[in-house]
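Reading through the structure tokens given below for one structure.
2 protein chains.
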Amino acid sequence: MPDGGLTGIVAKQITSIDVANLAGVSVAAVSRAFTPGASIAPETKRRVMEAAKTLGYQPNVIARSLNQRRSRLIGVLMSGWNNFGYVDVLRIISEQLETQGYEVMLKSILDREKIVENVGQLLQYQVAGIAVVSEVLPAEVTAECARRGVPIVLVNRIGRGLGNSAVSLDGLHLGRLIADFLIERRHKRVAALRGRADIDFTSDIVQSLSDRLAGTEDCELVASLTDVLGYEAGRRSINEMIANGVEPDAVFCSYDDTAIGVLDGARLDHGLEVPRDLSVIGNGNRAVASWGSHELTTIEYPRDEIIEQTLRILLARLEDPDLEPETRLLETDFVVRASTR
Amino acid sequence: MPDGGLTGIVAKQITSIDVANLAGVSVAAVSRAFTPGASIAPETKRRVMEAAKTLGYQPNVIARSLNQRRSRLIGVLMSGWNNFGYVDVLRIISEQLETQGYEVMLKSILDREKIVENVGQLLQYQVAGIAVVSEVLPAEVTAECARRGVPIVLVNRIGRGLGNSAVSLDGLHLGRLIADFLIERRHKRVAALRGRADIDFTSDIVQSLSDRLAGTEDCELVASLTDVLGYEAGRRSINEMIANGVEPDAVFCSYDDTAIGVLDGARLDHGLEVPRDLSVIGNGNRAVASWGSHELTTIEYPRDEIIEQTLRILLARLEDPDLEPETRLLETDFVVRASTR
DNA sequence: CTGTTAGCGCATTCAC
DNA sequence: GTGAATGCGCTAACAG
Chain C
113 MPDGGLTGIV AKQITSIDVA NLAGVSVAAV SRAFTPGASI APETKRRVME AAKTLGYQPN
173 VIARSLNQRR SRLIGVLMSG WNNFGYVDVL RIISEQLETQ GYEVMLKSIL DREKIVENVG
233 QLLQYQVAGI AVVSEVLPAE VTAECARRGV PIVLVNRIGR GLGNSAVSLD GLHLGRLIAD
293 FLIERRHKRV AALRGRADID FTSDIVQSLS DRLAGTEDCE LVASLTDVLG YEAGRRSINE
353 MIANGVEPDA VFCSYDDTAI GVLDGARLDH GLEVPRDLSV IGNGNRAVAS WGSHELTTIE
413 YPRDEIIEQT LRILLARLED PDLEPETRLL ETDFVVRAST R
Chain R
113 MPDGGLTGIV AKQITSIDVA NLAGVSVAAV SRAFTPGASI APETKRRVME AAKTLGYQPN
173 VIARSLNQRR SRLIGVLMSG WNNFGYVDVL RIISEQLETQ GYEVMLKSIL DREKIVENVG
233 QLLQYQVAGI AVVSEVLPAE VTAECARRGV PIVLVNRIGR GLGNSAVSLD GLHLGRLIAD
293 FLIERRHKRV AALRGRADID FTSDIVQSLS DRLAGTEDCE LVASLTDVLG YEAGRRSINE
353 MIANGVEPDA VFCSYDDTAI GVLDGARLDH GLEVPRDLSV IGNGNRAVAS WGSHELTTIE
413 YPRDEIIEQT LRILLARLED PDLEPETRLL ETDFVVRAST R
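Chains as they are written, first to last, in my numbering: chain C, 113 to 453; chain R, 113 to 453.
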């Protein structure tokens with residue numbers, strides 16, 4: 113072997129000292145060359161940069177973070193992986209943060225019991241801030257982060273009374289919108305299907321939908337089911353309702369996939385005609401909702417606005433940790449297609 | 113204001129010195145208490161942990177990384193966000209790495225021109241390894257990482273001759289499988305639709321499919337189109353083929369959504385009957401493929417095996433950076449449903 | 001088993 | 001505008 117014992121010897125880390133030596137300056141000069149706006153002569157900077165280039169030097173961000181006692185890491189806690197809309201939020205947030213010079217440390221929320229631990233690990237890495245996608249944080253965690261001056265923003269959840277910032281949809285407003293839409297089109301028997309019962313947004317929808325319908329003469333909420341999430345669950349659910357004689361003439365689903373399951377269940381399993389016999393409303397306006405075989409009426413998810421507000425709130429608190437928590441509830445609207453009369 | 117000038121004062125960082133003082137031990141003892149397997153008396157450890165708990169101490173991983181000259185950060189470069197299968201890969205890889213004590217630094221590949229820069233930023237954070245989902249890296253980048261002893265694994269891409277490890281599907285094998293499937297069912301005119309032309313996996317499929325069909329008497333590849341990705345593109349594509357008189361009796365699509373677009377185009381726009389007039393094959397076995405209104409025959413994506421091999425290759429090289437790069441091509445198979453005869 | 005010491009790579013004083 | 005010195009919080013090596 114030509115390279116004998118050298119096999120696997122990893123190149124020694126190149127530090128600012130190496131660059132300083134080659135450029136014939138001090139390490140401080142190297143540091144200044146890599147610090148935007150630092151006080152350094154153009155010629156010195158040029159020589160440093162040249163030396164850095166020939167050596168392939170990259171500043172060690174870890175050392176810098178330790179020294180400055182702050183990092184440019186943002187922790188992102190992610191739930192809701194089965195929702196393309198939320199994954200988009202993750203993607204775009206990470207892309208946008210990158211343009212602001214931040215890096216994303218991603219953590220998947222496997223188990224809600226472990227959130228405390230998850231946040232603890234993020235804090236060990238001295239993250240500058242935390243974004244949480246579709247989950248809420250225990251109050252103790254929020255308090256600990258506040259104590260450390262690490263801002264938190266919840267996305268797609270509110271976390272009422274927990275003391276964090278949040279960006280989500282206004283479920284109460286949306287519930288009224290759905291009620292009016294159905295009443296106007298002369299529906300009489302409305303069913304609402306959603307996933308986890310503890311999600312503030314969908315709870316709000318069903319609550320205000322229910323309230324609004326209670327004020328009418330002849331339109332009622334005939335079913336309000338939870339733990340119905342996804343295509344199979346939706347298809348099973350409409351089958352069970354029909355079998356049990358519930359027979360709704362309109363179904364609102366908290367998720368487009370569920371709604372398409374209801375659509376297929378009604379059509380394929382019972383020969384119902386949509387929307388003549390049954391109107392179906394989804395939520396999220398995922399790509400599938402627009403496909404020719406579904407043509408689902410659904411609720412728009414204002415993704416870009418959600419992201420914009422999230423970043424605004426987060427970045428502002430990264431600048432000034434003293435800002436109070438802020439909750440922003442966005443209004444959205446229908447995308448009407450062929451699944452409703 | 114009761115708290116006067118103290119508003120916004122952030123709690124001072126709690127360090128191992130604070131804990132050592134409270135517990136009446138040295139900082140080294142604190143370090144040992146938090147180092148699994150370190151040589152420390154149980155009683156000492158107990159006192160340290162107690163002090164740490166009352167102070168709310170968390171070790172500063174940044175300082176540890178600097179000291180040890182290695183981090184437990186893994187960079188994940190992500191492309192293919194529009195593919196649920198690949199997003200699952202991201203999710204599970206991050207979850208699994210976490211159980212191994214690693215953290216994921218996520219970077220989205222916005223622009224392939226910027227990959228060099230992206231990897232550079234990861235290296236500044238002293239990542240221990242890099243996983244790349246559905247993209248290839250320039251040879252220079254691979255070389256630089258090799259020089260530093262930072263292992264790279266490509267997922268869903270091969271990157272032939274670039275010197276990295278990779279886990280992907282065996283496209284050549286799959287092309288033969290598809291050819292045999294179609295020949296056996298007496299198809300005569302096959303079309304293949306895929307997205308980006310430079311993806312090694314789908315190129316391999318079409319290549320070997322084409323080769324195999326060329327060896328038959330009466331079955332030919334009548335069209336091989338690129339840049340056809342997604343529902344709309346698939347629907348448009350089948351319309352154009354029919355308008356141009358190509359009239360395939362079987363279409364393979366590199367992506368399930370594309371295939372469903374073809375399905376809807378054939379049925380809704382041309383009144384064709386599937387599979388009598390046209391067989392459609394997708395790829396990925398996404399959830400939509402199984403839905404009642406589509407019933408798409410497709411290629412299984414062996415997600416768990418992909419992830420398993422990726423982690424095996426990556427973790428082994430994290431332990432021993434001297435290991436040679438390894439490429440693993442997995443074989444997969446059909447999920448036959450109602451869209452093929 | 002434990003404490004003392006040194007140093008990881010950098011940014012920031014402070015003199016000059 | 002520049003260099004020397006200091007310390008961020010921690011772990012590793014050593015001596016006890």
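Ideal placement from N, C-alpha and C gives every residue a C-beta, glycine not left out. These figures come from a predicted structure and were not determined experimentally.
Alpha-carbon spacing of residue i relative to residue j, whole angstroms
i: alanine 61 (chain C); j: aspartate 310 (chain R); result: This structure leaves residue 61 (chain C) out entirely; chain C is present only between 113 and 453.
i: threonine 328 (chain C); j: asparagine 356 (chain C); result: 25 angstroms
i: alanine 371 (chain C); j: leucine 390 (chain C); result: 12 angstroms
i: valine 318 (chain R); j: valine 262 (chain R); result: 34 angstroms
i: aspartate 312 (chain R); j: leucine 321 (chain R); result: 14 angstroms
i: glycine 136 (chain R); j: glutamine 125 (chain R); result: 19 angstroms
i: arginine 298 (chain C); j: glutamate 352 (chain R); result: 42 angstroms
i: leucine 435 (chain C); j: lysine 165 (chain C); result: 41 angstroms
i: leucine 84 (chain R); j: alanine 345 (chain C); result: For residue 84 (chain R) there is no data in the structure shown, the boundaries of chain R being 113 and 453.
i: leucine 134 (chain C); j: alanine 140 (chain C); result: 14 angstroms
i: valine 363 (chain C); j: serine 183 (chain C); result: 48 angstroms
i: threonine 410 (chain C); j: histidine 382 (chain R); result: 27 angstroms
i: glycine 120 (chain R); j: serine 246 (chain C); result: At glycine 120 (chain R) the pLDDT is 45, less than 50, meaning the model places this residue with poor confidence and gives no usable figure here.
i: glutamate 412 (chain C); j: glycine 396 (chain C); result: 5 angstroms
i: valine 374 (chain R); j: arginine 181 (chain C); result: 56 angstroms
i: aspartate 282 (chain R); j: serine 315 (chain R); result: 11 angstroms
i: aspartate 115 (chain C); j: proline 437 (chain R); result: For aspartate 115 (chain C), the predicted model reports a pLDDT of 35, less than 50, meaning its position is unreliable; a value from the coordinates is still stated below. Answer to the nearest angstrom: the Cα atoms are 18 angstroms apart.
Status (buried if at least 16 other CB within 10 Å, exposed otherwise) for residue i
i: proline 454 (chain R); result: Only positions 113 to 453 of chain R appear in the structure, and residue 454 (chain R) is not among them; the question remains open.
i: threonine 452 (chain R); result: buried
i: asparagine 172 (chain C); result: buried
i: lysine 219 (chain C); result: buried
i: isoleucine 129 (chain C); result: exposed
i: leucine 337 (chain C); result: buried
i: serine 232 (chain R); result: According to the sequence displayed, residue 232 (chain R) carries glycine and not serine. Result: exposed.
i: glutamine 212 (chain R); result: exposed
CB contact flag (residue i, residue j, <8 angstroms)
i: leucine 284 (chain R); j: valine 340 (chain R); result: no
i: arginine 347 (chain C); j: tryptophan 193 (chain R); result: no
i: isoleucine 152 (chain C); j: alanine 163 (chain C); result: no
i: leucine 178 (chain R); j: alanine 175 (chain C); result: yes
i: serine 368 (chain C); j: arginine 324 (chain C); result: Just to set this straight, residue 368 (chain C) is aspartate in the shown sequence, not serine. Taking 8 angstroms as the Cβ cut-off, aspartate 368 (chain C) and arginine 324 (chain C) do not qualify as a contacting pair.
i: serine 520 (chain R); j: asparagine 268 (chain R); result: Shown here, chain R extends from 113 to 453; a query on residue 520 (chain R) therefore has no answer.
i: valine 265 (chain R); j: methionine 217 (chain C); result: no
i: threonine 444 (chain C); j: leucine 286 (chain C); result: yes
i: alanine 258 (chain C); j: glycine 241 (chain C); result: no
i: aspartate 200 (chain R); j: arginine 415 (chain R); result: yes
i: leucine 235 (chain C); j: glutamine 170 (chain R); result: yes
Min CB distance residue i to chain R below 8 angstroms
i: alanine 399 (chain C); result: yes
i: alanine 335 (chain C); result: no
i: serine 391 (chain C); result: no
i: serine 177 (chain C); result: yes
i: valine 131 (chain C); result: no
i: glutamate 256 (chain C); result: yes
i: isoleucine 372 (chain C); result: yes
CB contact below 8 angstroms: residue i versus chain C
i: asparagine 276 (chain R); result: no
i: asparagine 172 (chain R); result: yes
i: glycine 232 (chain R); result: yes
i: tyrosine 237 (chain R); result: yes
i: valine 358 (chain R); result: no
i: serine 168 (chain R); result: Per the sequence shown, the amino acid found at residue 168 (chain R) is glycine instead of serine. Yes, glycine 168 (chain R) lies at the interface with chain C (some Cβ there is under 8 angstroms from its Cβ).
Under 8 angstroms from the C-beta of residue i: neighbouring residues of chain C
i: arginine 429 (chain R); result: By Cβ distance, chain C contributes nothing, its closest Cβ being about 11 angstroms from arginine 429 (chain R), past 8 angstroms.
i: lysine 219 (chain R); result: Ser206, Glu210, Glu215 and Val216
i: aspartate 376 (chain R); result: Trp403, Gly404 and Ser405
Contact list for residue i against chain R, beta-carbon separation under 8 angstroms
i: arginine 181 (chain C); result: Gln125
Chain-ordered neighbours of residue i on chain C, where CB pairs are closer than 7 angstroms
i: tyrosine 214 (chain R); result: Chain C residues near tyrosine 214 (chain R): none, gap ~11 angstroms exceeds 7 angstroms.
i: arginine 203 (chain R); result: Trp193 and Ser220
i: valine 302 (chain R); result: The contacting residues do not exist; valine 302 (chain R) stays about 24 angstroms from chain C at best.
i: glycine 394 (chain R); result: What glycine 394 (chain R) touches in chain C: nothing, since even the nearest Cβ is about 14 angstroms away.
Per-residue contacts from residue i into chain R (C-beta, under 7 angstroms)
i: valine 279 (chain C); result: What valine 279 (chain C) touches in chain R: nothing, since even the nearest Cβ is about 20 angstroms away.
i: leucine 380 (chain C); result: Gly404
Chain R contact residues for residue i, given Cβ-Cβ distances below 9 angstroms
i: tyrosine 343 (chain C); result: Ala399, Val400, Ser402, Trp403 and Gly404
Closer than 9 angstroms at the beta carbon, the chain C residues around residue i
i: glycine 383 (chain R); result: Per Cβ cutoff of 9 angstroms: no residues; glycine 383 (chain R) is ~13 angstroms from chain C at best.
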